[in-house]
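Chains as they are written, first to last, in the numbering used here: chain A, 115 to 439; chain B, 3 to 265.
Built from N, CA and C at the ideal position, the CB exists for glycine as well.
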Ligand SMILES: Nc1ncnc2c1ncn2[C@@H]1O[C@H](COP(=O)(O)OP(=O)(O)OP(=O)(O)O)[C@@H](O)[C@H]1O
Ligand SMILES: [Mg+2]
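Written as structure tokens, this is what we have:
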């Protein structure tokens, strides 16, 4: 039972007068996972808290769940599940106590609550940890408990604020996949905040790229990557080069450039760094302008060699020799 | 593990200080059951003084207990909510209120007592009632309860925990009773220990506030020391110890137990 979310003219100004969020409209389809992506301080958390009901929009802003105006409804009555960046697990309760809290305060019968908690423990692969104290859990386990606590009462909407940022890279990857599978199997409307573009691409049906309190672009990962609305989005979802072509200035991703050894080429290789999947080559032209190209690890030109640069990106239909801007 | 000279010096020093502090206590206890303090222990042991003290001053013991428990109840009822409100508000006003509430600790007890008498001494029968002393003790003890609960609250991620509870659907009473209170139980117990101890032993202020009908244990003790034989006063002290040591031990035990359960 998921709901569609609609924000109409929702802005947020702090008492001091600083604006965290410029008034914005946003539609999230039922069952959709929307990722809010952006750098620190751009207003992701503020927007999430507006949807949650932890923060009220400035006058004039409206929040709707399935057409029902919930603007004045506090979070405890919106029936949302929320996972906090700090987890905010209750230290006075054990794992089962935390997971069952939302059921207990809503007056779910003891036996039913118990069954649901066991179900959540199994789903989150926390079997046998029900009686564990919170401080005796690893970071990944805490994260799972926080997630289980949020979804145990079967919320209408699931809100996650950088749920993986406190974990190391490997665990983050693993839990990201688990969350992805979970969101799909639950079919719940979810809003997921992150500043990690790889996480955003992997999880979001759509991504809202945020910049300084505004949504700069909203669309699928492919949209944002291949057709960024502006330089900010282009730069945030991946590396870019700025090139002048006969058709005008273009932004080109490093992996859309290819190199050919040529004594008359316009570029000199400055540095070649092996990154695993690709080799990142730093190039410089006579005027000192730089380009970055990601090429396969096969016969890579060495620093000092002269090369010509070719486009082979999908942003251009034809291959064309590049001349630097 | 080998222990260096530092350890042994430290241990020796600690034992020396302990002996220095415990000696007067032991002296009092022994004097309280000695037949004739002037002659010494060779005069024999007796319970005569204890019986006599209880006959003359038993009431002060009971009144002190009653006041201590009532002070505890009132400081709990005011101190916990006040600490909660202060912890939730980060502003300058909250810090000023906090300072104001802690002020009475710095003001001499006599001055506070005088203030109370001037302000409320003429109100009805209040001056003759034990409630007048209770008011004084509450003013004196409240900061200790407040501070100790506030310290624990500020160490918690109170805002985060409350928001998490709200997200789970908890109303204010539900999250206050189910999440906030259990997580500050350590501070509440430490504060309670402090309040009971301070109230039972409070002398400065109570000396001014009391009437012949509302004499507390420490006031009675001072009276015994000045007016009666040393043996009587010492027996009185002994009764005080018999009363307070088990009480404080029980509270300490409860505190450490709650701490363990709370984790
Ligand atoms: N309670 C507050 N009072 C005043 N300003 C605030 C408050 N909370 C946040 N801000 C400011 O509002 C802006 C947006 O904050 P927000 O927490 O939404 O950013 P964010 O995108 O979540 O950043 P991060 O990735 O660092 O969590 C920031 O400039 C922040 O300093
Ligand atoms: Mg944030």
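Does the Cβ of residue i lie closer than 7 Å to at least one heavy atom of ligand 1?
i	result
residue 170(B)	no
residue 158(A)	yes
residue 154(A)	yes
residue 253(A)	no
residue 314(A)	no
residue 131(A)	no
residue 255(B)	no
residue 134(A)	yes
residue 10(B)	no
residue 128(A)	yes
Below 7 Å, is the gap between the Cβ of residue i and the nearest heavy atom of ligand 2?
i	result
residue 197(A)	no
residue 307(A)	yes
residue 275(A)	yes
For the alpha helix (DSSP H) containing residue i, name the first residue and the last one.
i	result
residue 38(B)	Not the alpha helix (DSSP H): residue 38(B) falls in the beta strand (DSSP E), residues 36-38.
residue 88(B)	50-90
residue 348(A)	345-351
residue 146(B)	132-157
residue 164(B)	160-169
residue 526(A)	There is simply no residue 526(A) to check, as chain A begins at 115 and stops at 439 in what is shown.
residue 137(A)	It is not in any alpha helix (DSSP H) - residue 137(A) instead sits in the beta strand (DSSP E) that spans 133-142.
residue 96(B)	94-108
residue 394(A)	Unbroken run through residue 394(A) is the beta strand (DSSP E), 393-399; no alpha helix (DSSP H).
residue 206(B)	206-211
residue 215(A)	209-219
residue 109(A)	Since the first and last residues shown for chain A are 115 and 439, residue 109(A) lies out of range.
residue 160(A)	158-166
Between which two residues does the beta strand (DSSP E) containing residue i stretch?
i	result
residue 324(A)	320-325
residue 196(A)	194-197
residue 363(A)	362-366
residue 328(A)	328-333
residue 426(A)	First-last for residue 426(A): undefined, no H or E at that position.
residue 298(A)	It is not in any beta strand (DSSP E) - residue 298(A) instead sits in the alpha helix (DSSP H) that spans 283-300.
residue 42(B)	42-47
residue 225(B)	First-last for residue 225(B): 219-229, but that is the alpha helix (DSSP H), not the beta strand (DSSP E).
Tell me which residues share the same chain as residue i and place their Cβ nearer than 8 Å to its Cβ, disregarding the 5 neighbours each side in the sequence.
i	result
residue 71(B)	198
residue 435(A)	Low confidence applies here, because residue 435(A) scores a pLDDT of 36, under 50, leaving its location unreliable and the question unanswered by this model.
residue 238(A)	258, 259, 261 and 262
residue 43(B)	32 and 36
residue 415(A)	373, 375, 383, 386, 395 and 421
Can you give me the Cβ contacts of residue i inside the same chain, cut-off strictly under 7 Å, excluding the 5 residues immediately before and after it?
i	result
residue 279(A)	199
residue 218(A)	227
residue 308(A)	149, 151, 276 and 314
residue 230(A)	217 and 266
residue 316(A)	290 and 294
residue 96(B)	88
residue 379(A)	420, 421 and 422
residue 326(A)	156
Ignore the nearest five residues each way along the sequence and tell me which others in residue i's own chain have a CB closer than 6 Å to its CB.
i	result
residue 238(B)	55, 223 and 226
residue 107(B)	145
residue 35(B)	47
residue 302(A)	116 and 272
residue 372(A)	424 and 426
residue 430(A)	Low local confidence applies: a pLDDT of 31 at residue 430(A) is under 50, so the model's placement there is unreliable, with the coordinate-based value given in what follows. So no residue of the chain qualifies.
residue 209(A)	243, 244, 246 and 259
Quick check: is the beta carbon of residue i nearer than 8 Å to any beta carbon in chain E?
i	result
residue 172(B)	The displayed structure is made up of protein chains A and B, and chain E is not among them.
Hey, is residue i close to ligand 3, as in C-beta under 7 Å from one of its heavy atoms?
i	result
residue 158(A)	For the structure depicted, ligand 3 is absent and the ligand set comprises only ligand 1 and ligand 2.
What are the complete beta strand (DSSP E) segments, minimum 3 residues, inside the segment 228-257 of chain A?
none
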